[in-house]
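Visitor: Structure in structure tokens, see below.
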Amino acid sequence: RFVWSPKSTNILLKLWEKNLIGLRDDLKKNSEIHKEMAMDMAAYGPTAKEIKTKMDNMLRKYRVEIEKMKKTNTTTSSWRYFKIIQTFLNEDPAADFEEIIFDDQESSTFYKSDECDDNISIVNVTNPPSEENFQTDTEPEPEIKDEHHSYPQLQRRTNVEEYHSPLRTAKKSKNRLMEIEEEKLTIEKQKLLVMKHISRDLTSISKTLIELLRNSNN
């Protein structure tokens, strides 16, 4: 059974990101995509089934981390792949995770990891690293069977209550405050307009009264 190393896992994440739209839009072709990913990782050696198992396990691990964060009332996870999996489950990941940088010019860099990610960088898929350059995982990736766990999770937007980002919440709150301020400004403008009309009417009435008084005196 294939033993996943940090670098081979990062290569998988790069291929996952590359095929994200296909995995979301056509679930029937997922097995074909897994085979293509296995071909791209031929220098490393995982099979299509082992790639699917790894992806399933990472999605399940993400759910476990979410539940753990709920129970401990925290907003961060120490799992090194938490943020990148979260970006896969959101429609606009860049808006929430600016620290995750995708480099289109070089395939040698996939993302800038956080402090808990051991500063492991991605290497080119076509140039696999030697075994002496990284530490492998201690155990093969176990296959987790979960009847309720499948790729429809990638097809729909992440549940707001379950996966909502604190940063996204803050952004929405800020946008709402701006909308409220704009509404207040509109109301103030309407008030000023009404006051102008009233002032104009009062001026007209005043002129009329003055004319009447003059005429009565004559």
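Those letters in the sequence shown? Residues 1 to 218, by full-length UniProt numbering. We put the CB at the ideal spot given by N, CA and C, even for glycine. All values derive from a computational prediction rather than experimental measurement.
Run through the segment 35 to 101 for me and flag every whole alpha helix (DSSP H) of 4 or more residues, listed as ranges in chain order.
Guide: Runs of the alpha helix (DSSP H) inside the segment 35 to 101: 48 to 72, 82 to 88, 93 to 96.
Visitor: Please state whether DSSP places ASN19 in a helix, a strand or coil.
Guide: ASN19: coil per DSSP, three-state reduction.
Visitor: Which ranges does the alpha helix (DSSP H) cover as unbroken runs of at least 4 residues, wholly within the segment 172 to 209, from first to last along the chain?
Guide: Within the segment 172 to 209, no complete alpha helix (DSSP H) run reaches 4 residues.
Visitor: So, using beta-carbon positions, are THR9 and TYR81 closer together than 9 Å?
Guide: Contact: yes.
Visitor: What do you reckon, are the CB atoms on ALA38 and GLU50 nearer than 9 Å?
Guide: Yes, the Cβ-Cβ distance between ALA38 and GLU50 is below 9 Å.
Visitor: Taking all protein chains shown into account, decide if THR76 is buried (16 or more other Cβ within 10 angstroms of its Cβ) or exposed.
Guide: The residue in question, THR76, is exposed, as its Cβ has fewer than 16 Cβ neighbours within 10 Å.
Visitor: Skipping 5 residues on each side, what residues in its chain have a beta carbon closer than 6 Å to that of SER204?
Guide: Closer than 6 Å at the Cβ level, and outside the excluded window around SER204, lies no residue.
Visitor: Can you tell me the Cα-Cα spacing of GLY22 and ASP56, whole angstroms?
Guide: Their Cα atoms are separated by approximately 16 Å.
Visitor: Under the rule that 16 or more other beta-carbon atoms within 10 Å means buried, what is GLN190, buried or exposed?
Guide: Result: exposed.
Visitor: For ARG24, which three-state DSSP category applies?
Guide: Helix.
Visitor: Give me, in chain order, the residues of the same chain whose beta-carbon lies closer than 8 Å to that of LYS29; leave out the 5 immediate sequence neighbours on both sides.
Guide: Counting only Cβ-Cβ distances below 8 Å, and skipping sequence neighbours, we find GLY22.
Visitor: For ARG200, which residues of its own chain have a beta-carbon under 7 Å away from its beta-carbon, when the five flanking residues on both sides are left out?
Guide: No residues qualify anywhere along the chain.
Visitor: Using the Cβ count rule (16 or more neighbours within 10 Å means buried), how would you classify HIS34?
Guide: By the neighbour-count rule (16 or more Cβ atoms within 10 Å), HIS34 is buried.
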